[in-house]
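Worksheet for the structure shown next.
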Amino acid sequence: MDPLPRRWYETEAAELAPRLLDKLLASTIGGRRVVGRIIEVEAYDESDPASHTFIGPTARNNVMFGSAAHLYVYLSYGIHHCANVVAGPVGRGQAVLLRALRPIDGLETIRSRRSGRPDRELTDGPGKLCAALGIDRSVNGLDLLATNSPVTILDDGTAPPTNPVVGPRIGISKAVDTPWRFRVPPNKS
DNA sequence: AAAGAGATGGTCT
DNA sequence: GACCATCTCTTTT
6 MDPLPRRWYE TEAAELAPRL LDKLLASTIG GRRVVGRIIE VEAYDESDPA
56 SHTFIGPTAR NNVMFGSAAH LYVYLSYGIH HCANVVAGPV GRGQAVLLRA
106 LRPIDGLETI RSRRSGRPDR ELTDGPGKLC AALGIDRSVN GLDLLATNSP
156 VTILDDGTAP PTNPVVGPRI GISKAVDTPW RFRVPPNKS
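Numbering-wise, our numbering comes out as the position in the first sequence, counting from 1, plus 5.
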C-alpha cells in the first residue's frame with residue numbers, strides 16, 4: 006500500500022483519469038478510517054466549457070491551477086460535496102472528479118454516514134462518496150502526499166483496467182460529448 | 001422503470 | 001439574480 010509520487014499526478018487530467026481506476030482512496034476523518042476502490046472518474050481541464058476553470062482562476066477554483074496531487078473539494082447544488090484530484094503542471098486548471106467507489110474498509114462507518122441507504126447506493130456517486138468518507142470543504146486544498154494527510158490515495162498493486170469503459174460525461178450541460186468519463190468494467194466493479 | 005421536481009447555498013455576472 | 005461537475009423523493013407509465 007504505497008502512496009504514488011507527485012510526478013505520477015503531473016500529467017494531463019484525461020491521461021491521469023483512467024490510471025486512477027482501481028487505486029484506493031482512504032480517509033481518516035472524525036477518528037474513523039474508510040477505504041474505497043476508485044471505480045469511476047471524470048477529467049476536467051481549462052479548455053473545457055463545463056470545467057470550473059474554463060473562466061480562468063477565481064477564489065474557488067485556484068487549487069485546480071495549483072500543484073498536482075492536491076484535493077479540490079467544492080459544494081454542489083448547495084448540498085453535496087464533490088472531490089477532485091488536481092492533475093497537470095502548476096498553471097494549468099486540471100483535475101479528475103472522483104465519481105464512484107467500491108467500499109473496501111470501514112463499512113460500518115460508511116453505513117452510518119449514509120444511514121438508511123442500501124449498500125448498493127453507499128458510494129455510487131460523487132456526492133455520496135464524499136458523504137461516506139466524511140469529505141467536505143474543510144479538506145479543500147489538502148496535499149494528498151503530506152505526512153498524516155487525512156485523505157490519501159494508495160496503490161495496492163492492482164493494475165488499472167486495460168479496457169476501461171469510456172462514456173459520455175454526466176451532470177453537465179456543456180461539452181457533454183467529450184469522452185472523459187472512465188469506469189472499471191462491470192465484472193470488476 | 002422512467003421521468004419530474006425540490007432542496008439549498010456558494011459563486012459569479 | 002441566475003446558474004449549477006447532485007441526490008432523493010414523488011408521480012407517472
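In this text, a Cβ means the ideal position worked out from N, Cα and C, and glycines have one as well. None of these values were measured; they are calculated from a predicted model.
Quick one: what does DSSP say G172 is sitting in, helix, strand or coil? strand
Which residue wins for smallest C-alpha separation from P62, given the options P54, D160, R97 and T128? R97
Is the beta carbon of A137 closer than 9 Å to that of L102? no
Does the region 77-92 come within contact of the region 127-134, defined as at least 3 CB pairs closer than 8 Å? yes
Residues bridged to I34 [DSSP beta-bridge criterion]: R37
For E45 and Q99, which I take to be in contact (beta-carbon distance under 8 Å), what is that distance rounded to the nearest angstrom? Between Q99 and E45 the Cβ distance is about 18 Å, and since that is not below 8 Å, they are no contact.
When DSSP labels each residue in this structure, what does A100 get in the three-state scheme? strand
Alpha-carbon to alpha-carbon, S72 and I3: Beyond the ends of the chain as shown, which are 6 and 194, falls residue 3; an answer cannot be given.
In whole angstroms, what is the alpha-carbon distance linking H57 and R122? 30 Å
List the residues that DSSP assigns as beta-bridge partners of I60. None; I60 has no bridge partner.
Quick one: what's got a C-beta closer than 7 Å to P94's C-beta in the same chain, skipping five residues either side? E15
Apart from the five residues just before and just after P108, which ones in its own chain have a Cβ nearer than 7 Å to its Cβ? G41, I115, L127 and T128
For E51, the three-state DSSP class (helix, strand or coil): coil
When you compare each of A55, F70, L150 and I84 to P173 by their alpha carbons, which one comes out closest? A55
Taking a contact to mean a Cβ-Cβ separation below 9 Å, would you say D124 touches V39 in this structure? no
Could you check if V78 is buried or exposed, using at least 16 other CB atoms within 10 Å of its CB as the buried criterion? buried
What's the gap between the Cα of D53 and the Cα of W185? 11 Å
If the criterion is Cβ atoms closer than 9 Å, does the pair L29 and I43 meet it? yes
Give the list of continuous beta strand (DSSP E) stretches no shorter than 3 residues that lie fully inside the region 124-177. 156-160 and 170-172
Using DSSP bridges, identify the partner residues of L80. H86
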